[in-house]
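Shown next, in structure tokens, is the structure this report addresses.
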Amino acid sequence: MEHTLYNVLIVLMLVLSVIIIVAIMMQPSKQDGAADAFSGGTGELFERRKARGFEAIMQRFTAVMIGVWLLVGFILVILSTK
2 MEHTLYNVLI
12 VLMLVLSVII
22 IVAIMMQPSK
32 QDGAADAFSG
42 GTGELFERRK
52 ARGFEAIMQR
62 FTAVMIGVWL
72 LVGFILVILS
82 TK
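Per our numbering, the sequence shown runs over residues 2 to 83.
Next up, the structure:
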């Protein structure tokens, strides 16, 4: 039983890893360009911008997926020590 659960969790970990990578790549870029980093840009370096719409959904989705990934990782560590 534990061996089967371990294998299922390993597969889940791999699937979650791919989903997290895709979710991170789908998030809109917050950089205006590399030249702005050196020239100072528009001075909005420390300005807080609240995420809206698709950006907010992707941030929450990514955070939840990372949380689930960490939980699965901790469970795998516990199962591997038995």
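We put the beta carbon where it would ideally sit given N, CA and C, even for glycine.
> Hey, is the segment 21-31 in contact with the segment 75-82, meaning 3+ C-beta pairs nearer than 8 Å?
Replying inline: no
> When DSSP labels each residue in this structure, what does Ala-57 get in the three-state scheme?
Replying inline: helix
>> Using 7 Å as the threshold, is the C-beta distance between Ile-20 and Met-66 below it?
In response: With respect to the 7 Å criterion, Ile-20 and Met-66 are classified as neighbours on the basis of their beta carbons.
>> Given this structure, state the Cα-to-Cα distance separating Ile-58 from Gln-28, to the nearest angstrom.
In response: For the pair Ile-58 and Gln-28, the Cα-to-Cα distance works out to about 10 Å.
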